[in-house]
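Report on one structure; see the data block that follows.
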Amino acid sequence: MLLLANCNTGYSQEFDPATIDPALLATSPAGPGMTPTRPLIVDLRITGNNQTQEAKIRSMIRSRADREFDPEMIQSDVRKLAESGLFKDVKILTQQSAEGVVVTFQVFERPAIKYVKFLGNESATEKTLLKKSGLTVGGALNRFVVEDARRRVEEYYRTRGHGMATVSIAEGNEKDDEGVAFMVHEGPLARVWSTEFVGNTIASGGRLKTQVKSKPGILWYIRGKVEYDQIEADVEALTSYYRGLGYFKAQINRIMEYNDSGLWVNITFVVDEGPRYEVRSVAFVGQTKFTDEQLATQVKLMEGQYFDQKKMNSDLAALTDLYGAQGYIHADVQAEPRFLEEPGQLDLVYDIREGDQYRVGKIDVKIDGDYPHTQRDVVLNRLDLVPGDIIDIRKIRDSERRLISSQLFVNEPHRGIKPTIQVKPPEVSDIADQRSSNSGPTYRGQSPEPTVQPSRYYPPQMPAVQLGRQTAPPDLRPSRYSANPAAAPW
């Protein structure tokens, strides 16, 4: 058996092809017009792996059985195994046979990590620090990997506002260590000294400061502590702010710079605004009750204007109210910005699901509390709707405001208690009572009056307007994506 190479990966020793048996480098004779070939690898073996699966080792090397013996490929495989950090030494052994050469990768594994501990951590859990370190129990115990893990944990603390945090290695550097232990000194939580913005042109720094919460506290010492999660939330808030102004490709980054004491940090938000998108056209789809011209009178975000999220939301509310004023209380209006291949241009499409028109059915007045003796008429006199009227969502809101301003009822929104008006489908008993009241008298020998189907907009299953102190009405609209909208209970 011939030793080809001894590569100590701890010292990055190079694989030397000069040590290869010249017989292995000799090419086999070839006929005229044929290229000489090297001997074949008839078998490739892995030995010494007690912790690492053989399949994992084979996946890291390119040498295979039934391939030509290539010293350069062998050298590359040794380097690959060295870079994995799993082995402290790799030897290549060969054995010649009549069919070719048998290659053996003899690996010397590093000890496995039996545990990972963190001492002194208070503001971060051990589970979080383990994830940030990148270490795993059962992985190779490598001092270089342990040092990299220490650096990762220390950097994690600094990004969370602990500018003076230090992390040292208590276990994991010595030859006889079986696990890894880190000693953490978190230090004080830093405070924000200043908040600045770079790259912003459409909005001033003062305007952008209203969008973030990471800024100096009162007199610098009252509040103003650095909170990593809040800084990330501020990045999202700034991104959403720019998206709302039509900068759909805006990118926001943040830089945290500590002073020498580590107690104060300057936060700089770097803004890359990108192009601002303009509305090329506004279109409506799905409507049957109103024309495009009638709908266009309700929107303020028009062609040629820069996209504005607030204007679009206001237009959505106006279109919904337009339908709600005509009894289409379940009308669903969705805005769909459609981006074009031309940069900075988009089409704004309002997708409308009108639903059915509804009228007021029975009006129930429910008065709760310690003194529920208020007359029903006191409530009804403050309503703009009566049974038989087409439901107008605007009148419902006006009636609610009128009930609140009357000061006859408890109005504590923070507790979820206030006068409210709910629109809901009628109970089955209400429908039966209505049908029985509509049926006329019958006489012997005469057929009853034929049943007359009501108009589409005068259904007997009319939703009732109910008064009470519920916090919010339930969403009774069927899903626009429902596979069977007809299955709705009303």
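Residue numbers for the sequence shown follow numbering that gives the first Met the number 0, beginning at 0 and rising by one. Built from N, CA and C at the ideal position, the CB exists for glycine as well. Values in this document were obtained by computation on a predicted structure and should not be read as measured data.
Determine, using beta-carbon pairs with one atom in the stretch 356-364 and one in the stretch 384-393, whether at least three such pairs fall under 8 Å.
-> yes
Express the C-alpha separation of D147 and G178 in angstroms, rounding to a whole number.
-> 15 Å
With N312 as the anchor, note down where its beta strand (DSSP E) starts and where it stops.
-> Segment Q308 to G323 is the alpha helix (DSSP H) holding N312; no beta strand (DSSP E) there.
Could you check what DSSP says for S96 in three-state terms: helix, strand or coil?
-> coil
Cβ contact (3+ pairs, closer than 8 Å) linking the stretch 139-155 and the stretch 237-255 = no
Pull up the DSSP beta-bridge partners for S280, would you.
-> D346
Measuring CA to CA, which of D228, F338 and T319 is closest to P274?
-> F338
In or out: N120 buried (at least 16 other Cβ within 10 Å) or exposed?
-> buried
What whole-angstrom Cβ distance do Y276 and Q344 have, given they're in contact under 8 Å?
-> 7 Å
Pick helix, strand or coil for L39, following the three-state DSSP scheme.
-> strand
Going by DSSP, what residues sit across from W192 in a beta bridge?
-> Answer by DSSP bridge pairing: none, since W192 is not bridged.
Out of curiosity, what's the CA-to-CA distance linking R393 and K214?
-> 41 Å
Quick one: Cα of A81 to Cα of N258, how far?
-> 40 Å
Taking the alpha carbon of I351 as the point to measure from, which residue in E292, L382, V166 and T287 has its own alpha carbon closest?
-> T287
Inter-residue CB distance, N410 and I403 (contact presumed, cutoff 8 Å) | 5 Å
Please report how far the alpha carbon of M72 lies from the alpha carbon of R151, in whole angstroms.
-> 34 Å
State the DSSP-derived secondary structure class of K90, mapped to helix, strand or coil.
-> strand
When we look at the beta-carbon of H161 and count the other beta-carbons within 10 Å, is it buried (16 or more) or exposed?
-> buried
Report yes or no: do three or more beta-carbon pairs, one from the stretch 42-62 and one from the stretch 91-108, lie closer than 8 Å?
-> yes
Which class does M59 belong to by DSSP, given the choice of helix, strand or coil?
-> helix
Pick out whichever of I217, D363 and G205 has its Cα sitting closest to the Cα of V385.
-> D363
Could you tell me whether the stretch 291-305 touches the stretch 220-238, where touching means 3 or more Cβ pairs closer than 8 Å?
-> no
Identity of the residues DSSP links to L118 by a beta bridge | M182
When you compare each of A189, T46, T135 and N380 to I266 by their alpha carbons, which one comes out closest?
-> A189
Buried or exposed: where does Y327 fall if 16 or more other Cβ atoms within 10 Å of its Cβ makes it buried?
-> buried
Relative to the C-alpha of D175, which residue among I91, R381, D331 and K113 is closest?
-> K113
Can you give me the start and stop residues for the alpha helix (DSSP H) that D355 sits inside?
-> It is not in any alpha helix (DSSP H) - D355 carries neither H nor E in the DSSP assignment.
Assign L300 to one of three DSSP states: helix, strand, or coil.
-> coil
Grouping DSSP H, G and I as helix and E and B as strand, with all else coil, what is A123?
-> coil
What number of angstroms, rounded off, separates the C-alpha of Y156 from the C-alpha of P110?
-> 29 Å
Express the C-alpha separation of M163 and E235 in angstroms, rounding to a whole number.
-> 27 Å
For the beta strand (DSSP E) holding P336, just list the boundary residues, first then last.
-> D331 to F338
Check whether the Cβ atoms of Y227 and T127 sit closer than 8 Å, and answer yes or no.
-> no
What are the start and end residues of the beta strand (DSSP E) that includes T267?
-> W263 to D271
By how many angstroms is the C-alpha of E302 removed from the C-alpha of A123?
-> 51 Å
Which residue or residues does DSSP assign as beta-bridge partners of S167?
-> M182
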